[in-house]
Ligand code: NAD
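Numbering (the numbering used here), first residue to last: 1147 to 1642.
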């Protein structure tokens, strides 16, 4: 019988009472790995109620004690990295190496959460007016919720709940229904790390379950990562229900190739960043902008790209895995067909086959040149192993083209010129900028800041900045008179 994935509510893994289940398929074979429940309204309410009750005690747990849970958690995640990566690879399709990276980037956020105390320090100014002092505290919010996409089933949930919980909140996670098994493993290890049993809850499902969370009066903040249309919907609906919302959305990331760049390294990085993980990364490079004579490298790029082949997650030969679903594959094939009308196709991966895996969602590497900015393939986030090439004469033209693009998640420039790099960094309207680094995802002690349609919400977050999202600042202005009791200078420490 097919395994039925459990919900994680009130500190227990429980079987959902729902009648609605979806199959979770291995993207290389279509084998059914498990069934995921679409949680009922009653189950969602129970999870929120339990998280609300847990908050009362958890917010008063000293931050160093909360940090210790995260220290044990990061240790357990490291010990179980390979096992989590295998679960992840099987349900998502990405290669084992890639999956280990997915888990590792999440562990780095947990390390940051384990160092939360200094980030929760307020600010003080003595004598804002004569004998009056002001200071601010950073306080927890309450129950927060996270809605995550399929493409990083470990890293993205780990962007959210460890930071929120370390800040003293409780958390409801709604992972992608396409690869939900990884989240349950993360929860199992969190419990093992000694987290109080109901500070984290996991609700499975799709749109209706998300809607319940967006409208629930007891949820204070929503973190979302996913596509642009859903991101806009989440931002609008969440804020309409007066919640704090951060919404990380889609992308179209450009790499500028200057003629003075190191040719071999540029091509190598361009191949890896455009087709790695089958292009299913929000920071994948999907457009290469060749400046001046660098366009002569396109033939070499083609040769390199043709050498990388997709395959199953557990084969060392696989350059990347399948797309997440047959629907995703059909969508990418349709876009490739459209691209053939709009541009010149140098490599067509739409009829890709992998020996021994006739049912996999395979798309081979695909390369277009002569791409116009008003074409559908340029305007759409393809989310497949497809690279578009555009040629321009100058760096100024490249910057103008990229700044006119509605997305602003990531970008990079490959050049040997400090002057060109400096100009690019300064003028480009994109959140993450790499200089000779193709996918410049920052470490969690920086913030992750998509611009334009790649991010909705006032509080740029993930990593260190997440503290400002998951907390509220309270500023106190005080004055004391001669006969009042509060006279000691050491106001904070009382260890007895
Ligand atoms: P998606 O938007 O389809 O789904 C994301 C989440 O939203 C899932 O949990 C899903 O169940 C839920 N959802 C889907 N449709 C919904 C609806 N109509 N109403 C409410 N909830 C809904 O995204 P995906 O296909 O899982 O992920 C790929 C997308 O995520 C890409 O666009 C990619 O660029 C983006 N992404 C962005 C970042 C970033 O940091 N900006 C990171 C990773 C992925």
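Every residue gets a Cβ at the ideal spot worked out from N, C-alpha and C, and that includes glycine.
Could you tell me how far apart the beta carbons of residue i and residue j are, in whole angstroms, since I believe they sit closer than 8 angstroms?
i, j, result
"residue 1466", "residue 1434", "Rounded, the Cβ-Cβ distance is 18 angstroms, inconsistent with contact."
"residue 1613", "residue 1265", "5 angstroms"
"residue 1391", "residue 1413", "Contact flag wrong, Cβ pair sits at about 40 angstroms."
"residue 1108", "residue 1594", "For the chain, the structure presents residues 1147 to 1642; residue 1108 sits outside this window and is missing."
"residue 1255", "residue 1223", "Wrong, their Cβ atoms sit about 10 angstroms apart, outside the cutoff."
"residue 1529", "residue 1426", "6 angstroms"
"residue 1555", "residue 1415", "Actually they are not in contact, since the Cβ atoms of residue 1555 and residue 1415 sit about 17 angstroms apart, beyond 8 angstroms."
"residue 1584", "residue 1558", "5 angstroms"
"residue 1335", "residue 1343", "About 14 angstroms; that fails the 8 angstroms criterion."
"residue 1105", "residue 1365", "No information on residue 1105 is available, as it lies outside the stretch 1147 to 1642 that the chain covers here."
"residue 1459", "residue 1235", "4 angstroms"
"residue 1212", "residue 1312", "5 angstroms"
"residue 1286", "residue 1617", "6 angstroms"
"residue 1200", "residue 1345", "5 angstroms"
"residue 1174", "residue 1468", "5 angstroms"
"residue 1622", "residue 1196", "So it is not a contact: roughly 32 angstroms between Cβ atoms."
"residue 1356", "residue 1316", "Rounded, the Cβ-Cβ distance is 18 angstroms, inconsistent with contact."
"residue 1146", "residue 1569", "Here the chain comprises residues numbered 1147 to 1642, so residue 1146 is not present and cannot be evaluated."
"residue 1181", "residue 1148", "5 angstroms"
"residue 1252", "residue 1304", "3 angstroms"
Would you list the one or two residues that DSSP bridges to residue i?
i, result
"residue 1619", "1284"
"residue 1167", "1183"
"residue 1625", "1278"
"residue 1210", "None; residue 1210 has no bridge partner."
"residue 1132", "Not covered by the structure: residue 1132. The range shown for the chain is 1147 to 1642."
"residue 1403", "1436, 1560"
"residue 1597", "1554"
"residue 1580", "1558"
"residue 1592", "Beta-bridge pairing links residue 1592 to no other residue."
"residue 1602", "1393"
"residue 1154", "1159, 1348"
"residue 1178", "1171"
(message) Please give the ranges of any beta strand (DSSP E) in the segment 1511 to 1570, keeping only runs that are unbroken, at least 3 residues long and fully inside the region.
(response) 1512 to 1515, 1532 to 1538, 1556 to 1560
Unbroken beta strand (DSSP E) runs of length 3 or more, entirely within the segment 1323 to 1401: which are they? 1346 to 1348, 1365 to 1371, 1390 to 1394
contact_flag[the segment 1567 to 1587, the segment 1547 to 1556] where n(CB pairs < 8 angstroms) is 3 or more | yes
| message | Please give me, in chain order, every unbroken run of the alpha helix (DSSP H) with length at least 4 that falls completely inside the segment 1408 to 1448. | response | 1409 to 1421
(message) Count Cβ pairs between the segment 1323 to 1336 and the segment 1403 to 1420 that sit closer than 8 angstroms; are there 3 or more?
(response) no
Notebook entry, point to check: If we count Cβ pairs, one from each stretch, closer than 8 angstroms, do we get three or more for the segment 1370 to 1384 versus the segment 1505 to 1523?
Noted result: no
Note to self: So within the segment 1443 to 1496, which uninterrupted beta strand (DSSP E) runs reach at least 3 residues, ignoring any that extend past its ends?
What the structure shows: 1490 to 1493
Checklist entry - At a cut of 8 angstroms, does the segment 1345 to 1365 reach the segment 1382 to 1391 through at least three beta carbon pairs? => result yes
In chain order, each alpha helix (DSSP H) run of at least 4 residues that lies wholly inside the segment 1227 to 1277: 1227 to 1238, 1242 to 1259
Determine contact between the segment 1529 to 1549 and the segment 1198 to 1212, defined as no fewer than three beta-carbon pairs at a distance below 8 angstroms. no
* Asked: Do the segment 1153 to 1169 and the segment 1179 to 1188 touch if we need at least three Cβ pairs shorter than 8 angstroms?
  -> yes
- Message: Three Cβ pairs or more, each shorter than 8 angstroms: is that satisfied between the segment 1258 to 1276 and the segment 1427 to 1442?
- Response: no
For the segment 1188 to 1200 against the segment 1293 to 1301, do three or more pairs of beta-carbon atoms, one drawn from each stretch, fall closer than 8 angstroms, so that the two count as touching? no
Report yes or no: do three or more beta-carbon pairs, one from the segment 1514 to 1531 and one from the segment 1458 to 1478, lie closer than 8 angstroms? yes
Contact the segment 1510 to 1523 vs the segment 1494 to 1502: 3+ CB pairs below 8 angstroms:
yes
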